[in-house]
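Asks: Before anything else, here's the structure in question.
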DNA sequence: GGCTAAATCTATACCGGTTTAGAAGTGCCG
DNA sequence: CGGCACTTCTAAACCGGTATAGATTTAGCC
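Chains as they are written, first to last, in UniProt numbering: chain H, 1 to 345; chain V, 1 to 345.
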């Protein structure tokens, strides 16, 4: 069409000329910086509006050394990842704060931890992002000193077990486990087992510790614990192992929902009725939890809320240089049909 | 430490000076362009190596008007999204081709279709990406002319029902539905129903049509069809409706696995035994399919392969200006325990 | 040896913003 | 009324690459 109308070609120089000022002043006006009189600022913004000027992100990136994007690197086997809806919800939450700010999210799904570190390095040397989300915290997590050394701002999802220069956004998930154990104990269960997550992962460890503590509080001993890597198949295997014992548990507390759902499947396959012969609780309240039979008694997590909070915190850190830790409301038990009083025989 | 060692500050000018050539020549050598003698090129690359120079992505973006990133906008309710592992696997596949090329993936999860269009516009005006993946094709999809007008290269996941300037990467999913119906018919089922996806979505429509066609071929009439929006809850509702009829079907072909799994749950809740009283088949072979009870007979999809193919195609389009359509191997039926011969009563 | 064509390379103008040094204008004070 | 500080603004350097016009060298041929 008319080249003068081609909005994609409007540059800061056009705005400056039209408004009768210098490029620099337009830049100042745009970024709300002092040194521009109120009326000049208004005129500049007005001209920018009628010309349909959008400052070039690329030029801004080059000269300001920012990238206006946040990064998220997920190191997981894609198969396992797929069954865990945490990330997509989390990302949706992140998006609700990024989009209005004109920021983008750069996502990487990598197969293993070493690729993960390499990815962070590339992200930094390319100046691809201004900060990152750090999830699935591990014991003595190398990523924390690594990112710190790279000088890349970050937020950790959960509180690390080490000294960390980064703000954290965490949720008390031990409460949910405690409520699960109490619920089962109140129903009359005495042999309660726990299918735990990976001991290398902080939340796996924490839930396991919460389980043991709650068992002792209830006067039920330590309780049997089986470790897994959080994957569905591991959850199925663990359940099979537990149920094939001479004295199988009458209730199992799973560290996440996918494993709990696999647990229901294994029980049915072995002819063990849920919840009559075996009570099951999960963790996360994924959508499937409501639709399997019996519906899963589980602990509600709020990944979208996490995403919002994490994004807000990370933005604050990047902009002001510091940010406070955030503690989200504790996860609560949601009672459905998969846990009931044990049949006495 | 030593500023001369600070690799992040090495620029093309440093390399040029050290190699005794001009900036321009370094650029040419870097980009494998003609006009540089073999030995000079070698020397430049060697100097670049010892200096640890990494060309600035930001500077490259500004002057070359490329962004070295691809975009993926997903318009779905995050709840629904979470239960569908397609995307994470797809993204993992995409990543396997982007990472080695130094490209990044910009992901947006948006709540609705109009936000989706706005997101594409922002992506373009910001020059955030060089191309995008277009999934969940709809009837007469507005996104196709929209992206075409914006001048943003794209690949469609599946073949559109309209004239499209973009290459497509598709898979014949009708074969899987046909195999499902044949399998059920061979088992002796005569009243087979279909819980279809959204009629507004191309793959929903296509699977539905394939179902009807296969039913006729088998001489079983049209078969009862219930439309849904592909969500778990809709799948559960549809199953309930089907089973509450006077003459309920003895088998149900679901348009995706999440709905099929919800279907198993509903059947159990209603005291309908799967597969004795009701056979069920799904579509996608998500990880859960193997672990519910009975294990789901379903159609195998290969989202990672799709991701790889789509990324390769999109890159080709961007680099050469054109790319051929790709047809992936047809999806095949995977037989597990959720479908069996009907009990005759 | 002279002349042309091709290969190689340099200089410099971009890309479109941000930032800084300093020029011009304004107000207040003694 | 000169001096000083402050505000407002301009000009030009800068971020770090790419692209193009033209200078220089090399090669080929009669």
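Every residue, glycine too, gets a C-beta built ideally from N, C-alpha and C.
Whole angstroms are fine: how far does the CA of residue 232/H sit from the CA of residue 108/V?
Replies: Spanning the two alpha carbons is a distance of roughly 27 Å.
Asks: Would you check whether the ligand COA has a heavy atom nearer than 7 Å to the C-beta of residue 278/V?
Replies: By its list of ligands, the structure shown contains no ligand whatsoever, and the ligand COA lies outside what it can speak to.
Asks: Could you please give me the residues that DSSP links to residue 322/V through a beta bridge?
Replies: Its beta-bridge partners do not exist; DSSP assigns none.
Asks: Which residues does DSSP list as the beta-bridge partners of residue 333/V?
Replies: Partner(s): 299/V.
Asks: Are the CB atoms of residue 338/H and residue 264/H nearer to each other than 8 Å?
Replies: Contact: yes.
Asks: At least one CB of chain H closer than 8 Å to the CB of residue 14/V: is that the case?
Replies: No, because no Cβ of chain H sits closer than 8 Å to the Cβ of residue 14/V.
Asks: Applying the criterion that 16 or more other CB atoms from any shown protein chain within 10 Å of the CB defines a buried residue, is residue 256/H buried or exposed?
Replies: The residue is buried, with at least 16 neighbouring Cβ atoms inside 10 Å.
Asks: Could one say the Cβ of residue 288/H lies closer than 8 Å to chain V's Cβ atoms, at least one of them?
Replies: Yes, residue 288/H lies at the interface with chain V (some Cβ there is under 8 Å from its Cβ).
Asks: Following the continuous alpha helix (DSSP H) through residue 46/V, name the residue where it begins and the one where it ends.
Replies: Looking at the DSSP string, the run of the alpha helix (DSSP H) that includes residue 46/V is 38-51.
Asks: Buried or exposed: residue 31/V, going by 16 or more other Cβ atoms within 10 Å of its Cβ?
Replies: Flag for residue 31/V reads exposed.
Asks: Per DSSP, what kind of secondary structure is residue 348/V in: helix, strand or coil?
Replies: In this structure chain V extends from 1 to 345, so residue 348/V is not present and cannot be described.
Asks: So which residues on chain H does residue 293/V lean against when the C-beta distance must stay under 9 Å?
Replies: Residues of chain H passing the Cβ test: 264, 265, 266, 267, 268 and 269.
Asks: Confirm, please, whether the CB-CB distance from residue 335/H to residue 296/H is below 8 Å.
Replies: Going by C-beta atoms, residue 296/H is not nearer than 8 Å to residue 335/H.
Asks: Does the Cβ of residue 319/V have 16 or more other Cβ atoms within 10 Å, making it buried, or fewer, making it exposed?
Replies: Exposed, since its Cβ has fewer than 16 Cβ neighbours within 10 Å.
Asks: Beta carbons nearer than 9 Å to chain V: which residues of the region 95-112 of chain H have them?
Replies: Correct list: 95, 96, 98, 99, 102, 104, 105, 106, 107, 108, 109, 110 and 111.
Asks: Who does residue 201/H pair with in a DSSP beta bridge?
Replies: Beta-bridge pairing links residue 201/H to 138/H.
Asks: Restricting to Cα atoms, I'd like to know which of 298/V, 173/V and 73/V is closest to residue 112/V.
Replies: Closest by alpha carbon: 73/V.
Asks: Return the CA-CA distance between residue 240/H and residue 267/H, expressed in angstroms with no decimal places.
Replies: Each residue's Cα considered, the two are about 8 Å apart.
Asks: For a contact meaning CB atoms closer than 7 Å, what does residue 248/H contact in chain V?
Replies: Those within 7 Å of residue 248/H in chain V number zero; the least Cβ separation is about 17 Å.
Asks: Buried or exposed for residue 284/V, going by 16 or more other Cβ atoms inside 10 Å?
Replies: When all chains shown are included, residue 284/V counts as buried.
Asks: Using the beta-carbon of each residue, which ones in chain H are nearer than 7 Å to residue 82/V?
Replies: Correct list: 85, 88, 89, 286 and 287.
Asks: Rounded to whole angstroms, what is the Cα-Cα separation between residue 140/H and residue 160/H?
Replies: Going from the Cα of residue 140/H to the Cα of residue 160/H covers about 8 Å.
Asks: With DSSP as the reference, label residue 70/V as helix, strand or coil.
Replies: Residue 70/V falls in the strand class under three-state DSSP.
Asks: Please list, in chain order, the chain V residues whose beta carbon lies closer than 8 Å to that of residue 57/H.
Replies: Within chain V, the residues near residue 57/H are 126, 127 and 128.
Asks: Would you give the residue range spanned by the alpha helix (DSSP H) that residue 97/H belongs to?
Replies: First-last of the alpha helix (DSSP H) with residue 97/H: 86-101.
Asks: Chain H beta carbons: is any one of them nearer than 8 Å to that of residue 4/V?
Replies: In this prediction, residue 4/V has a pLDDT of 40, which is less than 50 and means its spatial position is unreliable; what the coordinates show is noted afterwards. False, the Cβ-Cβ gap to chain H never drops below 8 Å.
Asks: Just the Cα atoms here: how many angstroms apart are residue 165/H and residue 69/H?
Replies: Distance between the alpha carbons of residue 165/H and residue 69/H: 21 Å.
Asks: Find the residues of chain V that neighbour residue 236/H, judging by a C-beta separation of less than 7 Å, and give them in chain order.
Replies: Under the 7 Å cutoff, chain V gives 291.
Asks: Tell me whether the region 129-148 of chain H and the region 184-191 of chain H touch, counting them as touching only if at least three CB pairs, one residue from each stretch, are closer than 8 Å.
Replies: As far as the Cβ criterion goes, the region 129-148 of chain H does not touch the region 184-191 of chain H, which means the pair count is below three.
Asks: Ends of the beta strand (DSSP E) at residue 224/V?
Replies: Its beta strand (DSSP E) spans residues 224-227.
Asks: Can you tell me the Cα-Cα spacing of residue 170/V and residue 46/V, whole angstroms?
Replies: Taking the straight line from one Cα to the other gives about 44 Å.
Asks: Got a sec? Which residues, its chain only, sit under 7 Å from residue 85/V by beta carbon, not counting five neighbours each side?
Replies: Cβ within range, chain order: 286 and 287.
Asks: Closer than 7 Å, Cβ to Cβ, to anything on chain V: give me those residues from the region 296-317 of chain H, in chain order.
Replies: Answer set for the region 296-317 of chain H: 304.
Asks: Round the Cβ separation of residue 156/H and residue 197/H to the nearest angstrom and send it over; I've been treating them as touching at under 8 Å.
Replies: With a Cβ gap of about 17 Å, residue 156/H and residue 197/H do not count as contacting.
Asks: Using a C-beta cutoff of 8 Å, does residue 116/H count as contacting chain V?
Replies: With 8 Å as the cut-off, residue 116/H does not count as an interface residue toward chain V.
Asks: Residues of the UniProt domain "HTH lacI-type" (10-64) of chain H in Cβ contact with chain V at a cutoff of 8 Å, in chain order, please.
Replies: Of all residues in the UniProt domain "HTH lacI-type" (10-64) of chain H, 54, 56, 57, 58, 59, 61 and 62 have a Cβ within less than 8 Å of some Cβ in chain V.
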